[in-house]
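Undergrad: The structure follows.
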């Protein structure tokens with residue numbers, strides 16, 4: 006990385022500012038969930054509606070995640086979705102939470118996110134994960150190889166290559182020294198070039214210690230998937246902070262955590278809504294992925310004792326209830342983990358419940374409402 010360019014923006018595109026009475030910045034993670042009786046088109050329109058609401062109410066960033074071969078999750082192409090969101094928003098930061106680096110050639114990711122940066126200058130984040138975002142067979146189809154562990158083990162090397170493409174700074178003599186990710190910094194150094202040399206900040210994502218340590222050693226921001234790996238949250242964040250070395254990107258650690266949270270006007274309704282996501286997870290974990298069931302279907306489902314145990318455990322890590330109850334839960338989690346930012350994901354069958362949840366949470370924290 007160009008040290009001068011990095012120092013000029015040290016943490017500037019990473020650190021958020023808490024709004025209202027929130028102790029840390031609040032952001033949104035959208036999985037573009039598709040409910041039973043709904044279409045992917047409707048799910049994508051809901052994503053736009055949520056992004057606009059988040060922007061209007063002062064949430065810091067809006068990320069989408071890469072998943073594959075899951076009927077109830079329409080976020081297989083984060084770059085495409087982010088381009089769509091960029092056309093419908095003006096200020097909120099947009100990013101991937103994340104792109105699964107082993108599934109893609111680093112040059113392709115650099116080109117995609119260079120294009121996004123050109124579309125929405127100064128507000129694009131590139132979050133990277135090392136998991137496949139799907140099952141092994143689908144990962145093999147994506148990568149055109151069945152040597153999946155090799156891809157995960159090569160993650161640091163792939164990350165280094167991607168960073169070189171983003172910064173356009175392969176050393177002389179490197180096989181890729183004459184290859185440039187476009188749009189990108191090379192356009193600023195070409196005769197007559199006026200392209201901005203800025204590029205999206207890289208985040209590392211994880212649900213265990215590997216990416217936590219790597220993010221710390223490299224001095225990068227770190228995002229932890231508390232929403233599906235809650236027991237590992239504090240150990241991973243501790244490891245990240247202990248491993249952290251100041252860099253041209255950050256002079257101190259910065260960690261956000263993904264949090265499942267849903268607020269409703271009544272506690273009973275919140276429970277009813279989050280049960281749909283829990284049933285989806287039961288089906289996913291037992292090899293039966295499908296569309297997100299309706300609240301009526303979830304209410305009527307006859308859970309086996311083993312499934313009920315899983316649901317109770319799953320919902321214990323989903324903050325849900327009235328707006329005040331959700332605010333209290335989020336505040337307690339931020340205090341317990343020391344997270345620098347909370348990224349909220351609301352999993353429910355319909356877009357109406359998710360939109361209402363974000364509105365209620367914004368109200369609970371007194372986030373601005375320009376109307």
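In my numbering, the protein residues as written are 6 to 376.
Don't be surprised by glycine CBs; every beta carbon is placed ideally from N, CA and C.
Remember, predicted model here, so these are calculated numbers, not experimental data.
1. Could you check what DSSP says for residue 114 in three-state terms: helix, strand or coil?
2. If you run the structure through DSSP and keep just helix, strand and coil, what is residue 348?
3. Taking the C-alpha atoms as reference points, what is the distance between residue 241 and residue 230?
4. Rounded to a whole number of angstroms, what is the C-alpha to C-alpha distance between residue 262 and residue 347?
5. Could you check what DSSP says for residue 28 in three-state terms: helix, strand or coil?
6. When the Cβ atoms of the segment 115-124 are set against those of the segment 178-198, are three or more pairs found closer than 8 angstroms?
7. Rounded to whole angstroms, what's the CA-CA distance from residue 293 to residue 198? Just pull it up for me.
8. Using only the alpha-carbon positions, how far apart do residue 195 and residue 78 sit?
9. Go through the segment 253-337 residue by residue and report every complete run of the alpha helix (DSSP H) that reaches 4 residues or more, in order.
10. Leaving out the 5 sequence neighbours to the left and right, which residues in its chain are closer than 6 angstroms to residue 56 when beta-carbon positions are compared?
11. Taking the alpha carbon of residue 99 as the point to measure from, which residue in 109, 64, 114 and 115 has its own alpha carbon closest?
12. Residue 58 by DSSP, collapsed to three states: which one?
13. Could you check if residue 162 is buried or exposed, using at least 16 other CB atoms within 10 Å of its CB as the buried criterion?
14. Under DSSP, the beta strand (DSSP E) around residue 133 begins and ends at which residues?
15. Excluding the 5 residues preceding and the 5 following residue 248 in the sequence, name in chain order all residues of the same chain whose CB lies nearer than 6 angstroms to its CB.
16. What residue does the beta strand (DSSP E) around residue 81 start on, and which one ends it?
17. Please list, in chain order, all residues of the same chain as residue 171 whose beta carbon is under 6 angstroms from its beta carbon, the five residues on each side excluded.
18. In three-state DSSP terms, what is residue 124?
19. Do residue 354 and residue 40 have their C-beta atoms closer together than 8 angstroms?
20. Tell me where the alpha helix (DSSP H) around residue 356 begins and ends.
21. Name the DSSP beta bridge partners of residue 43, please?
22. CB residue 82 to CB residue 72, shorter than 8 angstroms?
23. Ignore the nearest five residues each way along the sequence and tell me which others in residue 288's own chain have a CB closer than 7 angstroms to its CB.
24. For the candidate residues 146, 47, 85 and 30, whose alpha-carbon lies nearest to that of residue 62?
TA: For this structure:
1. Here residue 114 refers to the residue found at position 109 when the chain shown is read from its first residue. Note: residue 114 maps to helix in three-state DSSP.
2. Counting from 1 along the chain shown, the entry for residue 348 is found at position 343. Here residue 348 sits in strand by DSSP.
3. Position 236 of the chain shown, counted from the start, is the residue given in the question as residue 241. Position 225 of the chain shown, counted from the start, is the residue given in the question as residue 230. Going by the C-alpha atoms only, they are around 10 angstroms apart.
4. As a working note, residue 262 is residue 257 in the chain shown. As a working note, residue 347 is residue 342 in the chain shown. So the two alpha carbons sit approximately 5 angstroms from each other.
5. The residue labelled residue 28 in the question sits at position 23 within the chain shown. Residue 28 falls in the coil class under three-state DSSP.
6. yes
7. Position 288 of the chain shown, counting from 1, holds the residue named residue 293. Position 193 of the chain shown, counting from 1, holds the residue named residue 198. Cα to Cα, residue 293 sits roughly 53 angstroms from residue 198.
8. As a working mapping, residue 195 is identified with position 190 in the chain shown. As a working mapping, residue 78 is identified with position 73 in the chain shown. C-alpha separation (whole angstroms): 42 angstroms.
9. For the segment 253-337, the full-length alpha helix (DSSP H) segments reaching 4 residues or more read 272-290, 300-305 and 310-320 along the chain.
10. Residue numbering aside, residue 56 sits at position 51 when the chain shown is read from its first letter. Answer for residue 56: 67, 90 and 94, listed in chain order.
11. Sequence index remark: in the chain shown, residue 99 carries index 94 (1-based). Closest by alpha carbon: 64.
12. Taking the chain shown and counting its residues from 1, one reaches residue 58 at position 53. In this structure, residue 58 counts as helix in the three-state DSSP scheme.
13. Translated into positions along the chain shown, residue 162 becomes position 157. Its Cβ having fewer than 16 others within 10 Å, residue 162 is exposed.
14. Taking the chain shown and counting its residues from 1, one reaches residue 133 at position 128. It spans 129-134 - the beta strand (DSSP E) in which residue 133 sits, taken as one unbroken run.
15. Your numbering for residue 248 matches position 243 in the chain shown. Same-chain partners within the cutoff: 218, 221 and 222.
16. As a working note, residue 81 is residue 76 in the chain shown. Looking at the DSSP string, residue 81 is not in any beta strand (DSSP E), and its letter there is neither H nor E.
17. Residue numbering aside, residue 171 sits at position 166 when the chain shown is read from its first letter. Answer for residue 171: 115 and 204, listed in chain order.
18. As a first step, residue 124 is located in the chain shown; it is residue number 119 there, counting from the start. Assigned with DSSP and collapsed to three states, residue 124 falls in helix.
19. Residue mapping note: residue 354 aligns to position 349 of the chain shown, counting from 1. Residue mapping note: residue 40 aligns to position 35 of the chain shown, counting from 1. Yes; because the gap between Cβ atoms is below 8 angstroms, this pair is in contact.
20. Looking up residue 356 in the chain shown gives position 351. Segment 356-369, the alpha helix (DSSP H) holding residue 356.
21. For the purposes of this step, residue 43 is taken as the residue at position 38 of the chain shown. DSSP lists no partner for residue 43.
22. The residue you call residue 82 lines up with position 77 of the chain shown. The residue you call residue 72 lines up with position 67 of the chain shown. Taking 8 angstroms as the Cβ cut-off, residue 82 and residue 72 do not qualify as a contacting pair.
23. One-based indexing of the chain shown puts residue 288 at position 283. Counting only Cβ-Cβ distances below 7 angstroms, and skipping sequence neighbours, we find 294 and 295.
24. One-based indexing of the chain shown puts residue 62 at position 57. Answer by Cα proximity: 30.
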